[in-house]
Amino acid sequence: MGTQKDRSLASILKLGIDIGWGLAWLALAGVALACLLYAAAMASGGAMRSPFLHAVADRESWQAIAPGLAVGVIYAGGVVIIFAQLRRIFSTLVEGDPFVPENAGRLRKIAWAVIGLELARYAIQIATALIVTAFGQPASGSLEIDFRPSLAAWAAALVLFVLAQVFREGARLRQQDQLTI
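Position in the sequence shown (first residue = 1) + 2 = the working numbering.
Now the structure itself:
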């Protein structure tokens, strides 16, 4: 069990995570709305303008806008998942009992989300490259495609898996200690 000061700091951090979770949901909703508006503009043949999109959806601009919207939806969704797990972890920390077996699973879910986001980035880059190859550069400008892996993302996932194992072992040792007289 932590001190009152430790719990107070954990409460402040949890509040920040709660705010981040709410902002992630707003970002996801905003990007989803932009996707719907862009799809409607494309369906109207480019005649419909949207205050949320700065370009008229014509047949030339979709190569630049569509990958960006896809990335936005995927990343906002991934961030929502990560923040949801962090909220649960910090709830146990605020209660003074972070070494519960469920937190190990939550850390693994965060690690898988980081891996999923990195793999989604590769998939979007490949799809963008295929679009550019098939249809040429968009009229609104050129697209940059960067196929370099993010070593930071892969390292973060590895660290999260290690921390998950540490939490699992900590929970096991604590449970074993409680059974000892």
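Positions of the beta carbon are idealized from the N, C-alpha and C atoms, including for glycine.
Compute the beta-carbon to beta-carbon distance between residue i and residue j, rounded to the nearest angstrom, for a pair I have assumed lies under 8 Å.
| i | j | result |
| --- | --- | --- |
| residue 113 | residue 159 | 5 Å |
Is it true that the CB of residue j sits closer than 8 Å to the CB of residue i?
| i | j | result |
| --- | --- | --- |
| residue 23 | residue 85 | yes |
| residue 96 | residue 16 | yes |
| residue 83 | residue 106 | no |
| residue 109 | residue 165 | yes |
| residue 122 | residue 76 | yes |
| residue 73 | residue 126 | yes |
| residue 170 | residue 103 | yes |
Just to confirm the assignment, what range does the alpha helix (DSSP H) spanning residue i have?
| i | result |
| --- | --- |
| residue 118 | 103 to 137 |
| residue 179 | 153 to 181 |
Quick one: Cα of residue i to Cα of residue j, how far?
| i | j | result |
| --- | --- | --- |
| residue 134 | residue 92 | 44 Å |
| residue 180 | residue 174 | 10 Å |
| residue 39 | residue 70 | 14 Å |
| residue 129 | residue 120 | 14 Å |
| residue 182 | residue 167 | 23 Å |
| residue 11 | residue 34 | 34 Å |
| residue 19 | residue 13 | 10 Å |
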